[in-house]
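Chains R and U supply the protein sequences, listed in that same order. Residue numbering for the first sequence follows the working numbering, beginning at 51 and increasing consecutively. Residue numbering for the second sequence follows the working numbering, beginning at 51 and increasing consecutively.
Number of protein chains: 2
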Amino acid sequence: MRASSPHEYSPLISKLESIFTLTEEEREALLSLPMQVAALKEDQDIVREGDRPSRCCLILSGLACAYKVTGDGRRQIVSFTVPGDIPDLQSLHLKVLDTSISTLTPCRVGFIQHEILHDLCRRHYRFAAAFWRETLVDAAIFREWTVNVGRREAYHRMAHVLCEMLMRLRAVGLAEDHACELPITQAEFGDALGVSTVHINRVLQALRSEGLIELKDEQLNILDWERLREVGDFDPTYLHLQREAPR
Amino acid sequence: MRASSPHEYSPLISKLESIFTLTEEEREALLSLPMQVAALKEDQDIVREGDRPSRCCLILSGLACAYKVTGDGRRQIVSFTVPGDIPDLQSLHLKVLDTSISTLTPCRVGFIQHEILHDLCRRHYRFAAAFWRETLVDAAIFREWTVNVGRREAYHRMAHVLCEMLMRLRAVGLAEDHACELPITQAEFGDALGVSTVHINRVLQALRSEGLIELKDEQLNILDWERLREVGDFDPTYLHLQREAPR
DNA sequence: CGTTTGGTTGAAATGTGTCAAACTTTGTGG
DNA sequence: CCACAAAGTTTGACACATTTCAACCAAACG
Numbered sequence: 051m052r053a054s055s056p057h058e059y060s061p062l063i064s065k066l067e068s069i070f071t072l073t074e075e076e077r078e079a080l081l082s083l084p085m086q087v088a089a090l091k092e093d094q095d096i097v098r099e100g101d102r103p104s105r106c107c108l109i110l111s112g113l114a115c116a117y118k119v120t121g122d123g124r125r126q127i128v129s130f131t132v133p134g135d136i137p138d139l140q141s142l143h144l145k146v147l148d149t150s151i152s153t154l155t156p157c158r159v160g161f162i163q164h165e166i167l168h169d170l171c172r173r174h175y176r177f178a179a180a181f182w183r184e185t186l187v188d189a190a191i192f193r194e195w196t197v198n199v200g201r202r203e204a205y206h207r208m209a210h211v212l213c214e215m216l217m218r219l220r221a222v223g224l225a226e227d228h229a230c231e232l233p234i235t236q237a238e239f240g241d242a243l244g245v246s247t248v249h250i251n252r253v254l255q256a257l258r259s260e261g262l263i264e265l266k267d268e269q270l271n272i273l274d275w276e277r278l279r280e281v282g283d284f285d286p287t288y289l290h291l292q293r294e295a296p297r
Numbered sequence: 051m052r053a054s055s056p057h058e059y060s061p062l063i064s065k066l067e068s069i070f071t072l073t074e075e076e077r078e079a080l081l082s083l084p085m086q087v088a089a090l091k092e093d094q095d096i097v098r099e100g101d102r103p104s105r106c107c108l109i110l111s112g113l114a115c116a117y118k119v120t121g122d123g124r125r126q127i128v129s130f131t132v133p134g135d136i137p138d139l140q141s142l143h144l145k146v147l148d149t150s151i152s153t154l155t156p157c158r159v160g161f162i163q164h165e166i167l168h169d170l171c172r173r174h175y176r177f178a179a180a181f182w183r184e185t186l187v188d189a190a191i192f193r194e195w196t197v198n199v200g201r202r203e204a205y206h207r208m209a210h211v212l213c214e215m216l217m218r219l220r221a222v223g224l225a226e227d228h229a230c231e232l233p234i235t236q237a238e239f240g241d242a243l244g245v246s247t248v249h250i251n252r253v254l255q256a257l258r259s260e261g262l263i264e265l266k267d268e269q270l271n272i273l274d275w276e277r278l279r280e281v282g283d284f285d286p287t288y289l290h291l292q293r294e295a296p297r
């Protein structure tokens, strides 16, 4: 664990910049936020359900996920994170965590104290609005996942998350037009989509044999974006990626 | 549509009061919020996916739901609302709505202009925090629903929502210890749980014959709360109902 | 009183889970 | 650098939860 250097904030800053233009003062304020940086291995819990954290975690690099475990020990991943996400930003206002957050790949994670963030939000309403907005986009993704899991068959479900991940990774500069690194195992996809690993395997084979995707060696290649979008019934509105007027 | 009288705000005020104590000034500020009140019939859309609303809707009485429709026309309800909820509070920071909101029963709904709420939040950070928190609790509910739909069988899923609804209604004074009005049809439960109406029917019969619940004439009676909780794998933590220290 | 809405039932079709085994790739220590 | 273990992927057969379809019933309603 070491302190942050200025460039560490770049995933967060570019994410905020993608929504509205930061003033010089705001950029300064962000860059001077004290943050503890840690490098984590894969499959490590960053925080756990039931924790009462005093800080938030900013994913600087790598993939992570938020998940819950049912009484009989089955895991449901409720969202994937991409760099620039703060998956436990909710803890700023909800004392007890109701989800765990775990790395899927090795990650660099920045920890920022709650008080620091509260100060920032109190001083600049635009930051409060920006962070609040982040949590609202998260919520929109949760809603879409409920729809995905509740009303689409596994084949379509899979197409849908692949579309989502590509768009989200592209938004933070981690994907080409129709390709990206996607180091997610079939078991993890299963936990995310509420489907058994075996079935995920079959569904992926179907998508491959239909000529929609290539997925091998942690590398996703979307061969027919238009048809994958249709199959996944994917409409990116819920990701709220468009630039909007500042508040 | 008519203007609000003071007592209209009571569902919202008691909800906020259940989280932290309002100062006299804050209570004043809330009561003086201009709000347009409308009485809606059942099964009416309040707002629709794709809308760009300039106001939020506060459910004053009745049940409503947020839902999305898939490309092939199947509806997924992503959450139920109870009085005091502001199901499109997200629209304060996300321009385009990604879900529709519809009444399930006749409802009284209050509309509050975005500017008014933004002003309030800017002037009193505690309100920003309180409303922000509301949206975070919503998000927690979405997450739990993903788990419910993704990892539990229909029988357990149903038990889970019944527990959730009882707790939420109790929190706003609309339920006894183990009973409440619950005017939700089996088709609506189906859309909420990602299950066909027919199967909802069978699952309800099972819950009834196990002696766990009575559900008839829009009246839910939980006969064995402890076992229903177990069957539904229900842990209310995610509802974040406990009183917390002010911010 | 007929019509609509919501609930109930049965039988057949099907998507998905489970189990168990084999295969492939990756990582690691000797 | 090989050998072995561990992790991830693939396959087939079978079980089962849930859907679909179609009909019927009961209560509410205008």
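Think of the CB as a built atom: it goes at the ideal place given N, C-alpha and C, for glycine as much as any other residue. All values reported here derive from a predicted model rather than from experimental measurement.
Buried or exposed: residue i, going by 16 or more other Cβ atoms within 10 Å of its Cβ?
i	result
E268/U	exposed
P296/U	Summary for P296/U: the model assigns pLDDT 46, below 50, so the residue's position carries little reliability, and this model does not support an answer.
A89/R	exposed
R193/U	buried
T149/U	buried
P103/U	buried
T196/R	buried
P84/U	exposed
Taking 9 Å as the CB-CB cut-off, is residue i touching chain R?
i	result
W182/U	yes
F239/U	no
R77/U	no
R193/U	yes
L72/U	no
P296/U	Confidence at P296/U is low in this model, with a pLDDT of 46, below 50, so the placement of that residue is unreliable and no value is reported for it.
How long is the line joining the alpha carbons of residue i and residue j, rounded to whole angstroms?
i	j	result
F181/U	A256/R	45 Å
H249/R	A242/R	13 Å
L216/U	I272/R	45 Å
V87/U	C107/U	9 Å
L167/R	L66/U	22 Å
G100/U	G261/U	44 Å
V159/R	R98/U	38 Å
F177/R	L170/R	7 Å
A221/U	L265/R	47 Å
L278/R	Y117/U	24 Å
S60/U	E184/U	16 Å
G282/R	V132/R	20 Å
T247/R	H206/U	22 Å
T155/R	I96/R	12 Å
H143/U	H210/U	31 Å
L254/R	W275/R	15 Å
L291/R	I63/R	15 Å
E280/U	I162/R	37 Å
A190/R	C157/U	24 Å
I151/R	K91/U	42 Å
E165/U	A204/U	43 Å
I263/R	P286/R	19 Å
E214/R	L113/R	14 Å
F284/R	T120/U	9 Å
E231/R	V187/R	23 Å
V245/R	A229/R	24 Å
E78/R	T71/R	13 Å
If we cut at 9 Å on Cβ distances, does residue i have a partner in chain U?
i	result
V222/R	no
L167/R	no
L278/R	no
E99/R	yes
At 7 Å on the CB atoms, spell out the chain R contacts of residue i, in chain order.
i	result
G160/U	Near G160/U there are no residues of chain R at all, since even the closest Cβ is about 21 Å away, more than 7 Å.
Taking Cβ-Cβ distances shorter than 7 Å, what residues in chain U pair up with residue i?
i	result
T287/R	V146 and D148
H290/R	L144
For residue i, which residues in chain R fall below 8 Å Cβ to Cβ?
i	result
T185/U	W182, T185, L186 and A189
A178/U	C171, Y175, A178 and W182
Taking residue i as the query, report the chain U residues whose CB atoms sit under 8 Å from its CB, ordered along the chain.
i	result
V199/R	T196, V199, G200 and G244
Run down chain R in chain order and give the residues with a C-beta less than 9 Å from the C-beta of residue i.
i	result
D283/U	T120, G121 and D122
query: Using Cβ-Cβ distances below 7 Å, what residues of the region 109–142 of chain R are close to chain U?
result: K118, T120, G121, R124, Q126, V128 and Q140
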